[in-house]
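First up is the structure itself, then whatever we jot down about it.
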Amino acid sequence: NAGVMQNPRHLVRRRGQEARLRCSPMKGHSHVYWYRQLPEEGLKFMVYLQKENIIDESGMPKERFSAEFPKEGPSILRIQQVVRGDSAAYFCASSQGPNYGYTFGSGTRLTVV
Amino acid sequence: DAKTTQPNSMESNEEEPVHLPCNHSTISGTDYIHWYRQLPSQGPEYVIHGLTSNVNNRMASLAIAEDRKSSTLILHRATLRDAAVYYCILRGANFGNEKLTFGTGTRLTIIP
Numbered sequence: 001n002a003g004v005m006q007n008p009r010h011l012v013r014r015r016g017q018e019a020r021l022r023c024s025p026m027k028g029h030s031h032v033y034w035y036r037q038l039p040e041e042g043l044k045f046m047v048y049l050q051k052e053n054i055i056d057e058s059g060m061p062k063e064r065f066s067a068e069f070p071k072e073g074p075s076i077l078r079i080q081q082v083v084r085g086d087s088a089a090y091f092c093a094s095s096q097g098p099n100y101g102y103t104f105g106s107g108t109r110l111t112v113v
Numbered sequence: 114d115a116k117t118t119q120p121n122s123m124e125s126n127e128e129e130p131v132h133l134p135c136n137h138s139t140i141s142g143t144d145y146i147h148w149y150r151q152l153p154s155q156g157p158e159y160v161i162h163g164l165t166s167n168v169n170n171r172m173a174s175l176a177i178a179e180d181r182k183s184s185t186l187i188l189h190r191a192t193l194r195d196a197a198v199y200y201c202i203l204r205g206a207n208f209g210n211e212k213l214t215f216g217t218g219t220r221l222t223i224i225p
């Protein structure tokens, strides 16, 4: 049973390009969470999704960032027109529900040059 | 979100037990107590969680105070691979209140 799969592991983008980060949750998990960790800082919640629904996006920046979790396929975190400040590790986690722990992926390390 | 308070750092000798404390005096009746750890350059790893009763698993034990205002993560025999930042987090059980909010955690150093 594979864990949470994130790809790519490393992503380099030039300023102004788009970044697409993918997350496949564990089999049977219907809850997906995205977190961002800036260098030498803690993990910050970004968004919580269930299939086809955004449940909580209180941590998402108002512009350039969007997330989806379609009926089929992985969850996608999209960052448009990236800037240097977007350079960070982005982690995805999945869970069966509130009575269960989260399983995190290994993250995508985004570098904006 | 209800907050937790943990020491910034702790040290322990290899092969000895480690007790990591956490205070959560504003915990609500439906909040679960979760523990995660993050090794350098890795994603967080689930350790254990509980609601009211003490919990054991292959990684650790969780001792929860009777009033639930504090808890202790117990690593029974620390190894060098246990060196990590440990996070104690309260997680709501109500719909829409399920996200984990990470604090600064406790940086555990294991001394060989």
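Chains as they are written, first to last, in our numbering: chain C, 1 to 113; chain S, 114 to 225. The beta-carbon is built from N, C-alpha and C at its ideal position, and this holds for glycine as well. In this text, all values refer to a predicted model and were calculated from it rather than measured experimentally.
Q) P157 (chain S) CB to nearest chain C CB: under 8 Å? A) yes
(Q) Just checking: is the beta-carbon of G107 (chain C) within a distance shorter than 8 Å of some beta-carbon in chain S? (A) yes
Q: Please compile the residues from chain C whose C-beta is within a distance smaller than 9 Å of the C-beta of E211 (chain S).
A: H31, Y33, Y48, I55, D56, S95, G97, P98
**Q.** Reduced DSSP secondary structure (H/G/I, E/B, other) of D195 (chain S)
**A.** helix
Q | chain C contact residues for R204 (chain S), given Cβ-Cβ distances below 8 Å | A | P98
Q.
Per DSSP, what are the beta-bridge partners of K44 (chain C) in this structure?
A. C:R36
Q: Measure from the C-beta of G42 (chain C) to each C-beta in chain S and report whether the shortest distance is under 8 Å.
A: yes
Q | Cβ neighbour criterion (16 or more within 10 Å) applied to A178 (chain S) | A | exposed
Q) Hey, is H189 (chain S)'s beta-carbon within less than 8 Å of any beta-carbon in chain C? A) no
Q.
So that I know if they touch, is there some Cβ in chain C lying closer than 8 Å to that of H137 (chain S)?
A. no
Q. How would you label A67 (chain C), buried or exposed, when you count the other beta carbons within 10 angstroms and need 16 or more for buried?
A. buried
Q | Rounded C-alpha distance that separates Y199 (chain S) from R220 (chain S) | A | 6 Å
(Q) Using a Cβ-Cβ cutoff of less than 6 Å, which residues in the same chain neighbour F215 (chain S) once the five nearest sequence positions on both sides are dropped? (A) Y200
Q | Amino acids of chain S, ordered along the chain, whose beta-carbon sits closer than 9 Å to that of F45 (chain C) | A | K212, L213, T214, F215
**Q.** Whole-Å CB distance - L193 (chain S) paired with S184 (chain S), under 8 Å assumed
**A.** Rounded, the Cβ-Cβ distance is 25 Å, inconsistent with contact.
Q: Report back the beta-carbon spacing between P120 (chain S) and L43 (chain C) to the nearest angstrom; my notes put them in contact at under 8 Å.
A: So it is not a contact: roughly 19 Å between Cβ atoms.
Q.
Considering just the uninterrupted stretch of the beta strand (DSSP E) at V12 (chain C), what are its terminal residues?
A. 10-13
Q. For T117 (chain S), does the count of other Cβ atoms within 10 angstroms reach 16, so buried, or fall short, so exposed?
A. buried
(Q) Quick check: the Cα distance between C23 (chain C) and G101 (chain C), rounded to an integer number of angstroms? (A) 17 Å
Q: Name the two residues that bound the continuous beta strand (DSSP E) containing A19 (chain C).
A: 19-24
Q: Using the Cα positions of V82 (chain C) and R13 (chain C), report the straight-line distance between them to the nearest angstrom.
A: 8 Å
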